[in-house]
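Q: My questions all concern the structure below.
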């Protein structure tokens, strides 16, 4: 149904994330990949809950300069927030340890912003999932970091990896949102976009 609705569009995913690529293709869509090298930034007075959507729209503006009549550009940004603070991708092992220690036994939020854009219109939305971790031991944290090297992941973890199997107590919201793309909400928005 979605494929038929969007057949007039050449779909472009504005992300190099292998996880987003996999999730979007599992919706049955064919698409090209396009990415921007522009540095992301957001105003310091923006609410934490609005940052991901702001960044998705920013990426969309950068990449939309080259879109043509039948293109549909999808841009995405995911942030991890704990106690109002953004947890970025860790640069070092000690940063990853510190982040996972702060998430251990607590609940944090994963917020993904999505922007859909064609030549004639633009739509954006955010999806929020609450993720609760069990208390993690130092041994579990070190094992995960050494084996899985989560340096490309906001919050220092991937829910689809070993730590997700043993460490996630519960989630409230979309699982795929935590992986990097809220597929259920995206599906509904794409159906409306294709009308």
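Residue numbers (my numbering): 1 to 195. Note that the Cβ used here is the ideal one computed from N, Cα and C, for glycine as well.
(1) Determine the DSSP secondary structure at residue 84, reduced to helix, strand or coil.
(2) Which residues in the same chain have their Cβ closer than 8 angstroms to the Cβ of residue 52, if we skip the five residues on either side of it in sequence?
(3) Please confirm if the region 132-141 is in contact with the region 81-92, defined as three or more CB-CB distances below 8 angstroms between the two stretches.
(4) Suppose the cutoff is 6 angstroms on Cβ atoms and the five residues either side in sequence are ignored; what does the same chain contact list for residue 157 look like?
(5) Are the beta-carbon atoms of residue 67 and residue 128 separated by less than 9 angstroms?
(6) Quick one: grab the DSSP three-state call for residue 169.
(7) Write down every uninterrupted run of the beta strand (DSSP E) in the region 89-164 whose length is 3 residues or greater and which is fully enclosed by it, in chain order.
(8) Going by the beta-carbon positions, is the gap between residue 148 and residue 140 smaller than 9 angstroms?
(9) Can you list, in chain order, the residues of its chain whose CB lies under 7 angstroms from that of residue 70, leaving out five sequence neighbours each side?
(10) Looking only at DSSP bridge pairs, what is residue 183 linked to?
(11) Which residue marks the beginning of the alpha helix (DSSP H) containing residue 6, and which one marks its end?
(12) Output the distance between the C-alpha atoms of residue 54 and residue 123, rounded to the nearest integer angstrom.
(13) Could you check what DSSP says for residue 46 in three-state terms: helix, strand or coil?
A: In short:
(1) coil
(2) 77, 78, 79, 111, 112, 113 and 126
(3) no
(4) 150 and 163
(5) no
(6) strand
(7) 107-117 and 122-133
(8) no
(9) 8, 9 and 10
(10) In the DSSP output, where bridge partners are listed per residue, residue 183 has none listed.
(11) Premise fails: residue 6 is in no alpha helix (DSSP H) and is neither H nor E.
(12) 12 angstroms
(13) coil
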